[in-house]
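**Student:** Residue numbers (our numbering): 129 to 221.
Once you've had a glance at the structure underneath, I'll fire off some questions.
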Amino acid sequence: MHKLFSFCFGFGLLGAIASTWVAPRVISILFTPPVSFGTNCEPAAAWATDKLISSQIAGAVVGMVLALAWLAVRKVKSPAKKDAPSTAAKPVV
Numbered sequence: 129m130h131k132l133f134s135f136c137f138g139f140g141l142l143g144a145i146a147s148t149w150v151a152p153r154v155i156s157i158l159f160t161p162p163v164s165f166g167t168n169c170e171p172a173a174a175w176a177t178d179k180l181i182s183s184q185i186a187g188a189v190v191g192m193v194l195a196l197a198w199l200a201v202r203k204v205k206s207p208a209k210k211d212a213p214s215t216a217a218k219p220v221v
């Protein structure tokens, strides 16, 4: 079950990264007017999408660092597991 969740979350993260990378470019292609009229908002939109991408990447990196720190602290606090005595029946001699 642990591997299944790791697999799902890993591919979810890859999907989020892919959509962060692709979506602004698709938006700029789909919503660019065929002719320029009066006011040009393309530089402002390009700046906003660049800031969006950089903030999403920074958030992903901070989240990964915090997750690694949490796992490291959790591993240090957990006591070392000792081998449990075997509960299997021993042959009587």
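Don't be surprised by glycine CBs; every beta carbon is placed ideally from N, CA and C.
1. What are the boundary residues of the alpha helix (DSSP H) that residue 135 is part of?
2. Which of the three DSSP states, helix, strand or coil, is assigned to residue 177?
3. Judging by CA-CA distance, which residue of 132, 135, 178 is the nearest neighbour of residue 156?
4. Could you tell me which of 169, 182, 171, 201 sits nearest to residue 145, measuring between CA atoms?
**Tutor:** Concretely, from the data shown:
1. Position 7 of the sequence shown, counting from 1, holds the residue named residue 135. Element bounds for residue 135: 130-158.
2. Numbered from 1 along the sequence shown, position 49 holds the residue referred to as residue 177. In the structure shown, residue 177 sits in a helix (DSSP, three-state: H, G or I).
3. Your numbering for residue 156 matches position 28 in the sequence shown. In terms of Cα proximity to residue 156, the closest of 132, 135, 178 is 178.
4. The residue labelled residue 145 in the question sits at position 17 within the sequence shown. The candidate whose alpha carbon is nearest that of residue 145 is 182.
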